[in-house]
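Going down the list, the protein sequences come from chains C and P.
Quick note on my numbering: the first sequence kicks off at 98 and runs consecutively.
Quick note on my numbering: the second sequence kicks off at 6 and runs consecutively.
From the three backbone atoms N, C-alpha and C, an ideal C-beta is built for every residue, glycine too.
What you are looking at is a predicted structure, and each value in this text was computed from that prediction instead of being measured.
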Amino acid sequence: AEDTGVRVELAEEDHGRKSTIALRLWVEDPKKLKGKPKDNGAIEFTFDLEKETPEDVAQEMIESGFFHESDMKIIAKSIRDRVALIQWRRERIWPVLQ
Amino acid sequence: SSLTQVVHSAGRRFIVSPVPESRLRES
């Protein structure tokens, strides 16, 4: 995945059973963002792989004041890349459950 | 506690915690 300067990782072990996963997002390289992030924390949130889109979460983070609206695309892309990897792993490791 | 919780109007919870130094990229 492209280095967006924003890191997204699983916040809990993924057993492939739940459609909702916990993710943690933090800024590794603020210079890659157009706006200034609110603070230097890791933001933990849940994401429904079946019902939600990375754009939904990115929009809510912006509305909650964590990021400037000009960084919507980079936040959404960072989440999308991680979600794609999680789904790829699920299909590979637990194909029967899919 | 150093955790901060922000609830968006759509209901999603964001829990903010400090990033360990080891996870931050050195510039």
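Nearest-angstrom Cα distance between residue i and residue j?
i, j, result
"histidine 112 of chain C", "valine 21 of chain P", "24 Å"
"alanine 139 of chain C", "isoleucine 176 of chain C", "14 Å"
"glutamate 157 of chain C", "tryptophan 191 of chain C", "31 Å"
"arginine 114 of chain C", "leucine 107 of chain C", "14 Å"
Shorter than 7 Å from the beta carbon of residue i to some beta carbon of chain P?
i, result
"phenylalanine 164 of chain C", "no"
"isoleucine 183 of chain C", "no"
"alanine 139 of chain C", "yes"
"serine 116 of chain C", "no"
"phenylalanine 144 of chain C", "no"
"glutamate 188 of chain C", "no"
Give me the residue from the options with the minimum Cα distance to residue i.
i, options, result
"phenylalanine 198 of chain C", "C:Ala108, C:Val105 and C:Gly132", "No statement about residue 198 of chain C is possible, as the shown extent of chain C runs from 98 to 195 and does not include it."
"alanine 119 of chain C", "C:Asp126, C:Ile183 and C:Glu125", "C:Ile183"
"glutamate 99 of chain C", "C:Arg186, C:Glu188, C:Ile171 and C:Glu109", "C:Ile171"
"aspartate 136 of chain C", "C:Arg189, C:Val124 and C:Val105", "C:Val124"
Q. Quick one: any contact between the stretch 154-163 of chain C and the stretch 8-23 of chain P, if contact means 3 or more CB pairs under 8 Å?
A. yes
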